[in-house]
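> For the sequence shown, position 60 matches number 60 in UniProt numbering, and the numbering has no gaps at all. Got a structure here, written out as structure tokens. Questions coming.
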Amino acid sequence: MATYHHIMSNDNVANHTLCPAGPNSWCKQNAAKAKVEAAVAEAALKFNACNERASEDIMKELSLNASWQSRSRIAEKDRRRMAASAKKRQTTEDFHRSLQKRHTGATNQKDYMPGAY
1 MATYHHIMSN
11 DNVANHTLCP
21 AGPNSWCKQN
31 AAKAKVEAAV
41 AEAALKFNAC
51 NERASEDIMK
61 ELSLNASWQS
71 RSRIAEKDRR
81 RMAASAKKRQ
91 TTEDFHRSLQ
101 KRHTGATNQK
111 DYMPGAY
């Protein structure tokens, strides 16, 4: 019965009450809850969200005082990370576009007959 409820769970309706609890559970949600991985993942997402306010909130929770230098360094790292990400995305899009262009002409082969000898 637990596996049925586990499989029927989705993002809108999570039903893991019958799943076994503990860090060694086969239910990844209950295992993560037991290991407190969800809180760490949420904090990392907030910190990496490129949101200065969220970064300051996390720094306060960790009892770290952010000086103007550290805030400007965080902003600079975020700008560099976003620029590198945009460059990688553009390179990937260009590569896929060139592959698509190359393979478009390859489909117009007149002499290919699948299954023919």
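Glycine residues also receive a C-beta, built at the ideal position from the N, C-alpha and C atoms. As the structure is a computational prediction, the values presented were derived from the model and not from experiment.
Could you tell me whether the Cβ atoms of I74 and A83 are closer together than 9 Å?
no
> Take H103 and list the residues in its own chain whose beta-carbon comes closer than 8 Å to its own, dropping the five residues that flank it on each side.
none
> If you reduce the DSSP assignment to three classes, tell me which class D94 lands in.
helix
> To the nearest angstrom, how far is it from the Cα of W68 to the Cα of L18?
49 Å
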